[in-house]
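Data block below; observations after.
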Amino acid sequence: MSPEMINLIAASTGETLYMVAVSALIATLFGLPLGVYLATSGKGELFAAPWVNRVLGLIVNATRSTPFIILVVAIIPFTRLIAGTSIGTNAAIVPLTIAATPFIARLIEGAIREVDQGLIEAARAFGATPLQIVLKVLIPEALPGIVLGLTLAIVSLLGFSAMVGAVGGGGLGDLGIRYGYQRFMPEMMLAVVVVLIVLVQAVQSIGDRLARRLNKRIRHA
Amino acid sequence: MNAPLGYIGNTPAQRLIPAQPIVRLEKVSKTFPGRDGQPVTALREIDLTVPQGSILGVIGRSGAGKSTLIRLVNGLEKPSSGKVIVDGADIAALPEAALRHARRSIGMIFQHFNLLSSRTAAQNIALPLEVAGYDKADIRTRVEELLALVGLSDKRNRYPSELSGGQKQRVGIARALATKPKVLLSDEATSALDPETTRSILDLLARINEELGLTILLITHEMAVIRNIAREVAVIEGGGIVEQGNVFEVFTRPQHEVTRSFLADESGRALPPYVQSRLTSEATPGSQAVIRIGFRGPHATDPVLARLARDLDIEANILSGSVDEIAGRPFGTLVVGVPETSVSTTLDFLKKHGLDTEVLGYVA
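In order, the protein sequences belong to chains A and B. Heads up: the first sequence begins at 2 in my numbering, then just goes up one per residue. Heads up: the second sequence begins at 3 in my numbering, then just goes up one per residue.
What follows is the structure in structure tokens.
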């Protein structure tokens, strides 16, 4: 493999990591409160607002059912508004964030719903406010599940980021398509796939290990 | 009685003052919207008072409404009608913020402990104090006191998954006592524990009642819990209280069918199987009447059968019997068979001696 190729791969890996990291961060910032709210605003729950819950649920589902490549194209005007341009790595972060936010919200909703209802009852019984219940009971208790959810979301974002080559987003997926596929360089394709496998493995095992460390439900030897 | 109940201002002398009710339920009803639109009545017209410093046990089968009842006391459920007065305040009428404040003086423990798995024993106990806004130093001292009180000082840094069921419930009790409540609600707190652990948890609750003067309202489906710890008992069935009184009275003279069925498993009340299987409700010539005799308090040790034989020449056949202690007082039960022809003389004789009698049936 030539040094140019290695440089290309390194640069693309950097772009992918940048896009995934920034979009995962922003999506978590929005997705965490959204997920907590979805998990606590149903009928008879802490912040009961069944109609708001239903409408938010619909929006989340609609966003999640839009194929990513269509989302990328469809929101180009919005992307231009936010990022100032519709092409390039920074521009790609906008659709990645928008796709990941509802996904993360659903994963966090699931993790929060896993928390034993008895804990909410106990916290209410000793006089905790709904906000205190969220911050001191639900999120800490759901943390291992939240970490696993975020791990899954980051792995999915690595996959999504391969598609933003369509708007000049760059990254490993783009490299694989342009060199490996269009220029008939199978070794480049192979290299891209190998790097992606390593990245996914690394993210997954870090996430698993962190979740296990945080999970006090299981006895540690 | 304005001094806060807790570790101070609660000398035995104060406890001798005629007990004021600290919890009072007045004509409380609760209906839930049912699945098919028909409202389901969980509680109807409940009147219940819990005197300050007492231990009152509410016993009932599952679905009798006892869980709803206990949740009304700290406002986790709102009554459909009626009043729930705790320490002078109508819990049902309090706005949310005032209710949260009132809950700090009403501790609660649960069947499944409901401890946070992500917090250690000490951190779990600290949680109600953090929520109430205590400062860090105060929390630390208070948590140490509580750990010592429940005998878990050496387990302060253990997570609930590293503790046994009994230890988890001790953490639950310490957590419930953290904000120095006046009332402790116990929701089937020993139902998930083995008999020996149950015993030790009940002993702890009795000690807390004694030492801190804490009023305890507990619900259970086990008569043994009532007998071991409660002074007052209320029997709940179909959303209503069917019988209520001090434990000795209710145990020795149960009035309601449900109470009797709860007591049936208690020692001395169950008939031996060979009698039970042959029991009929009609007397036939030559059959024997099976009579249960209850000996209460001073009569518990009377040699009444010997007198029956000597004075009336009636020979009673002993089928089963036991002498027990309920709420600190001796209580004996004897099941005897007497010839069907001398039933009325026997009953008269026993009643004259101040004994409780009940004809259970006849065996050929």
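Every residue gets a Cβ at the ideal spot worked out from N, C-alpha and C, and that includes glycine. The model shown is predicted, which means the values in this text are computed figures rather than measured ones.
Comparing C-alpha positions only, which one of A:R184, A:G45, A:Y180 sits nearest to I10 (chain A)?
A:Y180
Would you please verify whether the beta carbon of K44 (chain A) is less than 8 Å from any beta carbon of chain B?
Taking CB atoms only, K44 (chain A) has no neighbour in chain B less than 8 Å away.
For L191 (chain A) versus P131 (chain A), is the C-beta spacing smaller than 8 Å?
no
I want to see whether chain B comes within less than 8 Å of E122 (chain A), judged by CB atoms only; does it?
yes
In three-state DSSP terms, what is D49 (chain B)?
Here D49 (chain B) carries a strand assignment [DSSP, helix/strand/coil].
Contact with chain B by A222 (chain A), beta-carbon distance below 8 Å
The pLDDT assigned to A222 (chain A) is 46, lower than 50, so where the model puts this residue is not dependable, and the model offers no usable value.
Stretch pair the segment 141-157 of chain B + the segment 171-187 of chain B: three plus CB contacts closer than 8 Å:
yes
Boundaries (first-last residue) of the beta strand (DSSP E) holding G296 (chain B)
290-298
Is the shortest distance between the beta-carbon of R37 (chain B) and the beta-carbons of chain A less than 8 Å?
Not closer than 8 Å to any Cβ of chain A, the Cβ of R37 (chain B) fails to qualify, so no.
From the DSSP output, in three-state form, read off A44 (chain B) for me.
strand
Measure the Cβ-Cβ separation of T254 (chain B) and D358 (chain B) and say whether it is below 8 Å.
yes
Per DSSP, what kind of secondary structure is G241 (chain B) in: helix, strand or coil?
coil
Would you mind working out which of A:Q118, A:P96, A:R210 sits nearest M164 (chain A), comparing C-alpha positions?
Closest by alpha carbon: A:P96.
Through-space distance from D175 (chain A) to L200 (chain A), alpha-carbon basis
16 Å
DSSP three-state call for I88 (chain A): helix, strand or coil?
coil
Decide if D350 (chain B) is buried, meaning its Cβ has at least 16 other Cβ atoms within 10 Å, or exposed.
Per the 10 Å Cβ criterion, exposed.
Can you name, in chain order, every residue of its own chain whose Cβ lies under 8 Å from the Cβ of I203 (chain B), other than the five neighbours on each side?
G168, Q171, R172, I175, A191, T192, L195
Please list, in chain order, the chain A residues whose beta carbon lies closer than 9 Å to that of M110 (chain B).
Those within 9 Å of M110 (chain B) in chain A are E122, A123, A126, F127.
Evaluate T143 (chain B) with the Cβ neighbour count: other Cβ atoms within 10 Å of its Cβ, from every protein chain shown; 16 or more gives buried, anything less gives exposed.
exposed
Among the residues of its own chain, which have a CB less than 8 Å from the CB of P51 (chain A), if the five just before and after it don't count?
S42, G43, K44
Could you tell me the distance, in whole angstroms, from the CA atom of A124 (chain B) to the CA atom of K80 (chain B)?
32 Å
Taking 8 Å as the CB-CB cut-off, is E142 (chain A) touching chain B?
yes
Give a yes or no on whether the minimum CB-CB distance between G166 (chain A) and chain B is below 8 Å.
By this cut-off, G166 (chain A) is not an interface position.
Is the segment 134-146 of chain A touching the segment 55-71 of chain A in the sense that three or more CB pairs, one from each, lie closer than 8 Å?
no
Taking only beta-carbon atoms, is Q183 (chain A) less than 8 Å away from chain B?
no
Would you say I219 (chain A) lies against chain B (beta-carbon separation less than 8 Å)?
yes
H223 (chain B) and R63 (chain B) look like a contact to me (Cβ under 8 Å); what is the Cβ gap, rounded to whole Å?
6 Å
Inspect the beta-carbon positions of V337 (chain B) and G356 (chain B) and report whether they are closer than 8 Å.
no
Neighbourhood of N126 (chain B) by C-beta distance below 6 Å, restricted to the same chain and skipping five residues each side
L117, L118, V173, R177
Helix, strand or coil at P23 (chain B) according to DSSP, with G and I counted as helix:
strand
Pull up the distance between the alpha-carbon of L27 (chain B) and that of R46 (chain B), whole angstroms please.
When rounded, the distance between both Cα atoms is 11 Å.
Check whether the Cβ of E317 (chain B) sits closer than 7 Å to any heavy atom of the ligand GTP, and report yes or no.
Summarising the ligand content, the structure contains no ligands, and the ligand GTP is consequently not present.
So within the segment 134-217 of chain B, which uninterrupted alpha helix (DSSP H) runs reach at least 4 residues, ignoring any that extend past its ends?
138-151, 167-179, 197-214
Per DSSP, the bridge partner or partners of T359 (chain B):
B:I295
Helix, strand or coil, according to DSSP, for Q125 (chain B) in the structure here?
Of the three classes helix, strand and coil, the one that applies to Q125 (chain B) here is helix, per DSSP.
Whole-angstrom distance between G67 (chain B) and G242 (chain B), CA atom to CA atom:
8 Å
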